[in-house]
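**Student:**
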Amino acid sequence: MNKEYKNKFYKNISFFISATIVFGFILFLMIMIHSKWYGFYILLFTVSTLYYFINLNSWKIWQSGVLWLIAIIIAISNLYISKPHKNISLLGSIASEGVRTINKLGVSPGIFLNNFSSKSSIDILNKEKPLWKIPNGYKVESHKLSSSHIELLKNNVKQDKLIYQLHGGAYLVKLNNMHRKNSIVLSKKANGADVASLDYRLAPEYTFPSALEDAIDGWNYLLNLGYKPDNIIIVGDSAGGNLALSLSLKLRDDGSKMPAGIICVSPWADLAEEGDSYKYNLYLDPTFGIDEGMKKSKPILPTEYAGNIDLHNPYISPVYGNYKRFPPMLVIVGSYEIFESDSITIYEKAIKENVNVKLIDQDGMFHDYIFMYDLLPESNAVWNQITSFINQTLY
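Per the UniProt record's numbering, the very first residue in the sequence shown carries number 1; after that it's consecutive.
1. What three-state label does DSSP hand Lys189 in the structure shown?
2. DSSP beta-bridge partners for Glu273?
3. What residues in its chain sit with their C-beta under 7 Å from that of Glu273, if we drop five residues either side in the sequence?
4. Report yes or no: do three or more beta-carbon pairs, one from the segment 72-90 and one from the segment 358-371, lie closer than 8 Å?
5. Of the choices Pro229, His149, Gly236, Met178, whose alpha-carbon is the least far from that of Pro259?
6. List the whole-angstrom C-beta distance separating Lys161 from Ala196, where the pair is believed to meet the contact cut-off of C-beta under 8 Å.
7. If you reduce the DSSP assignment to three classes, tell me which class Asp342 lands in.
8. On the premise that Ile346 lies in contact with Val319, defined as a C-beta separation below 8 Å, what is that separation, rounded to the nearest angstrom?
9. Taking the straight line between their C-alpha atoms, what separation do you get for Gly169 and Leu223?
10. Measure from the alpha carbon of Ala239 to the alpha carbon of each residue in Thr303, Gly218, Arg100, Asn136, then state which is nearest.
11. Closest by CA to Arg325, which one among Ile262, Ala95, Asn176?
12. Measure the C-alpha to C-alpha separation of His34 and Asn78 and round it to an integer number of angstroms.
13. I'd like the ranges of any alpha helix (DSSP H) spanning at least 4 consecutive residues and lying wholly in the segment 23-84.
14. Roughly how many whole angstroms lie between the Cα atoms of Asn322 and Ile234?
15. Confirm the yes/no value for this check: CB of Ser238, any heavy atom of the ligand GDP, distance under 7 Å.
16. Take every Cβ of the segment 265-272, pair it with every Cβ of the segment 241-248, and state whether three or more of those distances are shorter than 8 Å.
17. In whole angstroms, what separates the C-alpha of Ile344 from that of Gly65?
18. To the nearest angstrom, how far is the alpha carbon of Leu145 from that of Glu205?
19. What first and last residue would you give for the alpha helix (DSSP H) that runs through Asn380?
20. Can you name, in chain order, every residue of its own chain whose Cβ lies under 8 Å from the Cβ of Phe45, other than the five neighbours on each side?
21. Got a sec? Which residues, its chain only, sit under 7 Å from Met178 by beta carbon, not counting five neighbours each side?
22. Look up Asn155 in the DSSP assignment and say whether it is helix, strand or coil.
23. Tell whether a beta-carbon distance below 8 Å holds between Arg201 and Ser142.
24. Rounded to whole angstroms, what's the CA-CA distance from Pro84 to Ile309? Just pull it up for me.
25. Can you tell me where the beta strand (DSSP E) holding Ile262 begins and where it ends?
26. From the DSSP output, which residues share a beta bridge with Met329?
27. To the nearest angstrom, report how far apart Asp368 and Asp237 are at their CA atoms.
28. Could you check whether Ser96 and Tyr336 sit closer than 8 Å to each other, using their CB atoms as the reference points?
29. Rounded to the nearest angstrom, what separates Ala193 and Val331 at their Cα positions?
30. What's the C-alpha gap between Ile134 and Glu213?
31. Between which two residues does the alpha helix (DSSP H) harbouring Gly98 extend?
32. Is DSSP giving Val319 helix, strand or coil here?
33. Assign Trp219 to one of two classes, buried (16 or more other C-beta atoms within 10 Å of its C-beta) or exposed (fewer than that).
34. Run the CB neighbour count on Gly226, radius 10 Å, all protein chains shown included, and call it buried at 16 or more, exposed below.
35. Please report how far the alpha carbon of Val173 lies from the alpha carbon of Thr207, in whole angstroms.
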């Protein structure tokens, strides 16, 4: 093997290894988000053209580097151009399909919840994690209630405004670090307001109305600490969104003072699963959906919390309640969610009762997508809406 042939051989090997790493990753993303057919031809043409010019002996090292940079820019631009849904950002598409891919690998929370028949799967979700780091300027107080406890996040400035956070997890998962970190975000978005996160009792050991009783207990405890209902916003996601609505329904029905506002994120509000989206999003939902062609053989999420109570009970499935005399509400959901119709029905019922309510139904988004924060344009935009709602409601 002469020197010139040897150099060319190693040059080709180097190119194919580099191209496989760089453009292979882009190809993987294109396949994952189901890019349009012409995108694959553009990528193939880009790599082929790069290979042709790189093999011209007249190119200097810096010129080859420029060629590589141009090719990478074209490939990334092609990823954006060939994405299937123009009303969803590229990062949003990657995140949504990434959740679906992780789900299929069997390592997402959705998989664990769907396989509740194996108690060990829930034990994994509830396994104690390392303590989260409390940011400078904040402290957390633990308050013991009769059957549960509250973690009260405070900053160094005394506040009379409060966010009452009710976490999700199908009534099976306890308060965790994701929601603890979310309490910091909520506080900052609310001009430093205190955030009380309730760690309520869990099914299957404690069924309805245990979580609702704990939420009421927590509400009354916070009022006894000196917080006024007019200065409190209840925030809940998923099952926590269910609980936020159930608590508000109960407060109203008992003649108690209502909170200043309610924010529901991807609320799981119809445990009977009678809404339209439980059908039309069954194969589309990246988190709780099933593969195309499969038959649904069990509820989307386990309903152990309901016990033997009718799933149409408004305190279990708030979608069947009415929203007379409700405070301002912000309801957030993704259009790919199985729970989408829950949010739409709640919004429509609230509108019928002249409630000041806003629905954000974000195209192409998945369950609890707001926890992507600034990583996605869609979640960032919703956090701006949450901030505006809090400021208009509390200040």
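C-beta: ideal position from N, C-alpha, C; glycine also. Note that the structure is a prediction, hence the values are computed from the model and not measured.
**Tutor:** In short, the structure shows the following:
1. Mapped onto the sequence shown, residue 189 falls at position 189. DSSP places Lys189 in helix when its eight states are reduced to three.
2. Here residue 273 refers to the residue found at position 273 when the sequence shown is read from its first residue. Beta-bridge pairing links Glu273 to no other residue.
3. As a working note, residue 273 is residue 273 in the sequence shown. Correct list, in chain order: Pro299, Ile300.
4. A contact exists between the segment 72-90 and the segment 358-371.
5. Translated into the one-based positions of the sequence shown, residue 259 becomes position 259. Among Pro229, His149, Gly236, Met178, the Cα nearest to that of Pro259 is on Pro229.
6. The residue labelled residue 161 in the question sits at position 161 within the sequence shown. The residue labelled residue 196 in the question sits at position 196 within the sequence shown. About 11 Å separates the beta carbon of Lys161 from that of Ala196, a gap too long to meet the 8 Å contact definition.
7. Here residue 342 refers to the residue found at position 342 of the sequence shown. When DSSP states are grouped into helix, strand and coil, Asp342 belongs to the helix group.
8. Along the sequence shown, read from residue 1 onward, the residue named residue 319 stands at position 319. Along the sequence shown, read from residue 1 onward, the residue named residue 346 stands at position 346. Yes, Val319 and Ile346 are in contact; Cβ-Cβ is about 6 Å, under 8 Å.
9. The residue you call residue 169 lines up with position 169 of the sequence shown. The residue you call residue 223 lines up with position 223 of the sequence shown. Here the C-alpha atom of Gly169 lies approximately 26 Å from the C-alpha atom of Leu223.
10. As a working mapping, residue 239 is identified with position 239 in the sequence shown. Taking only the C-alpha atoms, the option nearest Ala239 is Thr303.
11. Residue 325 sits at position 325 when you count from the first residue of the sequence shown. For the residues Ile262, Ala95, Asn176, the minimum Cα distance to Arg325 belongs to Ile262.
12. Residue 34 sits at position 34 when you count from the first residue of the sequence shown. Residue 78 sits at position 78 when you count from the first residue of the sequence shown. Their backbone Cα atoms lie some 13 Å apart in a straight line.
13. Taken in chain order, the unbroken stretches of alpha helix (DSSP H) that lie wholly in the segment 23-84 and span 4 residues or more are 37-54, 61-81.
14. Position 322 of the sequence shown, counting from 1, holds the residue named residue 322. Position 234 of the sequence shown, counting from 1, holds the residue named residue 234. Cα atoms of Asn322 and Ile234: separation of roughly 18 Å, rounded to the nearest angstrom.
15. As for the ligand GDP, it is missing from this structure, which has no ligand bound.
16. With the cut-off at 8 Å, the segment 265-272 and the segment 241-248 touch.
17. For the purposes of this step, residue 344 is identified with residue 344 of the sequence shown, where counting begins at 1. For the purposes of this step, residue 65 is identified with residue 65 of the sequence shown, where counting begins at 1. Whole-angstrom Cα-Cα distance: 52 Å.
18. Stepping through the sequence shown from its first residue, residue 145 is reached at position 145. Stepping through the sequence shown from its first residue, residue 205 is reached at position 205. Roughly 18 Å separates the two Cα atoms.
19. The residue given as residue 380 occupies position 380 in the sequence shown. 377-394 is the extent of the alpha helix (DSSP H) around Asn380.
20. As a first step, residue 45 must be located in the sequence shown, where it is residue number 45. Excluding positions up to five away in sequence, the list is empty.
21. Here residue 178 is taken as the residue at index 178 of the sequence shown, counted from 1. Short of 7 Å from the beta carbon of Met178, and not among the five residues preceding or following it, lie these beta carbons of its own chain, in chain order: Phe371.
22. Here residue 155 is taken as the residue at index 155 of the sequence shown, counted from 1. In the three-state scheme derived from DSSP, where H, G and I count as helix and E and B as strand, Asn155 is classed as strand.
23. For the purposes of this step, residue 201 is identified with residue 201 of the sequence shown, where counting begins at 1. For the purposes of this step, residue 142 is identified with residue 142 of the sequence shown, where counting begins at 1. No, these two residues do not count as a Cβ contact at 8 Å.
24. Start at 1 with the first residue of the sequence shown, and residue 84 comes out as number 84. Start at 1 with the first residue of the sequence shown, and residue 309 comes out as number 309. Approximately 43 Å between the Cα atoms of the pair.
25. Position 262 of the sequence shown, counted from the start, is the residue given in the question as residue 262. 261-265 is the span of the beta strand (DSSP E), which, as asked, contains Ile262.
26. On the sequence shown, position 329 is the one that residue 329 refers to. Partner(s): Ile262, Val357.
27. Locating residue 368 in the sequence shown gives position 368, counting from the first residue. Locating residue 237 in the sequence shown gives position 237, counting from the first residue. Each residue's alpha carbon lies about 7 Å from the other.
28. Position 336 of the sequence shown, counting from 1, holds the residue named residue 336. Position 96 of the sequence shown, counting from 1, holds the residue named residue 96. Contact flag set, yes.
29. As a first step, residue 193 is located in the sequence shown; it is residue number 193 there, counting from the start. As a first step, residue 331 is located in the sequence shown; it is residue number 331 there, counting from the start. Taking the straight line joining both Cα atoms gives about 21 Å.
30. In the sequence shown, counting from the first residue as 1, residue 134 sits at position 134. In the sequence shown, counting from the first residue as 1, residue 213 sits at position 213. Taking the straight line from one Cα to the other gives about 29 Å.
31. Position 98 of the sequence shown, counted from the first residue, corresponds to residue 98. Counting along the chain, Gly98 sits inside the alpha helix (DSSP H) bounded by residues 90-105.
32. Against the sequence shown, residue 319 aligns to sequence position 319. It is helical.
33. Taking the sequence shown and counting its residues from 1, the one referred to as residue 219 is at position 219. By the neighbour-count rule (16 or more Cβ atoms within 10 Å), Trp219 is buried.
34. Here residue 226 is taken as the residue at index 226 of the sequence shown, counted from 1. Gly226 is exposed by the Cβ-count criterion.
35. Taking the first residue of the sequence shown as 1, we reach residue 173 at position 173. Taking the first residue of the sequence shown as 1, we reach residue 207 at position 207. Roughly 13 Å separates the two Cα atoms.
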